[in-house]
Amino acid sequence: MDAIQIDNFQKQYGSRYAVKGVSFSIHFGELFGLIGPDGAGKTTLIRSVCSLLPPDGGIIKINEMDVYQNISAIRNILGYMPQHFSLYQDLSVEQNLHFFADLYQVPQVSLKDKLEQLYHFSRLEPFKKRKAGALSGGMKQKLALSCALIHTPEVLILDEPTYGIDPVSRQELWEMLHTLQKENITILVSTAYMEEADQCDRIALMHQGKISSLGSPSQLKNAYPYPLYRVSGRDFFPLKKFFLKLPQVHSIQLFGDSIHISFAQKPNETDWEHWKKKTNHILTEWNLLSPSIEDCFIEFTRNSR
């Protein structure tokens, strides 16, 4: 039995499918990542798992309970943190926590200890009298996470929790999620930041409403089928144009200050020296590269575009 089971789920708006034929399961105590760009269908799927959107096909279960037939029971064991900050801006940190404690009917006898635990966990106690609207982006996300945890859920679902916050706050939020996982909380988190995939036990790469690949980050990287190189040069435009004409080149993508080039067959050093001369030494450096999740995403979604 898995914590979350999704079987052939689909959701459409008019004639357009936001999610189509998605199936996967999440193990108890797992930190599972739903990885994909904006518009991939992540939020639609997340909201459906939380019973906020009814399906147009397929089944979603949490702890073997259908999320649309057992809504009250599901919401008692589920913590949900939406994509955008949705707490009460005019209420203080403390007041927001008390509001959600009342909403989830947290017993008063245990509320004091729970609040102390969450303040320690989030480091928000020095700011508990501050209005939510006056918090920084990272602190708002910590407050939203604390409110989602107020009733001690078994399953925690977060929709792009690190979107728009600074790198330090992003790292702190992931550290908080790893701490929660050690308490055997099952976590489903979505993100458009490909590099965050390495924070997860397993991931599903989502594109245009479908899952293109699923597995651990290392499994997906090992499944990348082509030799990949990081290529640098003095002028990217003619360099990219040159490699696009080579029949042995499989794909070319710009990555910051370099180009990632995959080949049908691994080139040898003689090939590189020849290409260096052919480009009038615009080509300056080449290094065999281990693929990133972003490389994998681009490759594994090529056929679905």
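In my numbering, the protein residues as written are 107 to 411.
We put the beta carbon where it would ideally sit given N, CA and C, even for glycine.
Exercise for review: Return the residue from the list GLN247, THR258, GLN223, ASP363 that minimises the CA-CA distance to PHE418.
Suggested key: Outside the displayed range of the chain (107 to 411) lies residue 418, so it cannot be described from this structure.
Check your understanding: Touch check for the segment 279-296 and the segment 384-395: three-plus C-beta pairs under 8 angstroms?
Key -> no
Review point. With 16 as the cutoff for other CB atoms within 10 Å, does ASN393 come out buried or exposed?
Key: exposed
Review point. Which whole runs of the beta strand (DSSP E) in the segment 301-340 are 3 residues long or more, in chain order?
Key: 308-313, 316-321, 334-339
Practice item. Please say whether VAL173 and MET312 have beta carbons closer to each other than 9 angstroms? Key: no
Check your understanding: How many Å lie between LEU279 and PHE349 at the Cα?
Key -> 41 angstroms
Practice item. Assign LYS218 to buried or exposed, taking buried as 16 or more other Cβ atoms, counted over all protein chains shown, within 10 Å of its Cβ. Key: exposed
**Study point:** GLY185 versus SER357 - alpha carbon distance
**Key:** 41 angstroms
Exercise for review: Indicate whether ILE271 and GLY239 have their beta-carbon atoms separated by less than 9 angstroms.
Suggested key: no
Check your understanding: With contact counted as at least three CB pairs below 8 angstroms, one residue from each stretch, are the segment 223-243 and the segment 190-210 in contact?
Key -> yes
Exercise for review: Determine the direct distance from the alpha carbon of HIS257 to that of THR285, and round the result to whole angstroms.
Suggested key: 17 angstroms
Review point. Measuring CB to CB, does ILE141 end up less than 9 angstroms from ALA329?
Key: no
Exercise for review: Using three-state DSSP, classify GLU52 as helix, strand or coil.
Suggested key: Nothing can be reported for residue 52: it is not among the residues displayed for the chain, which extend from 107 to 411.
Point to revise | Contact check, LEU345 vs VAL337, beta carbons under 9 angstroms | key: yes
Point to revise | GLN189: first and last residue of the uninterrupted beta strand (DSSP E) it sits in | key: No beta strand (DSSP E) contains GLN189, which DSSP labels as neither H nor E.
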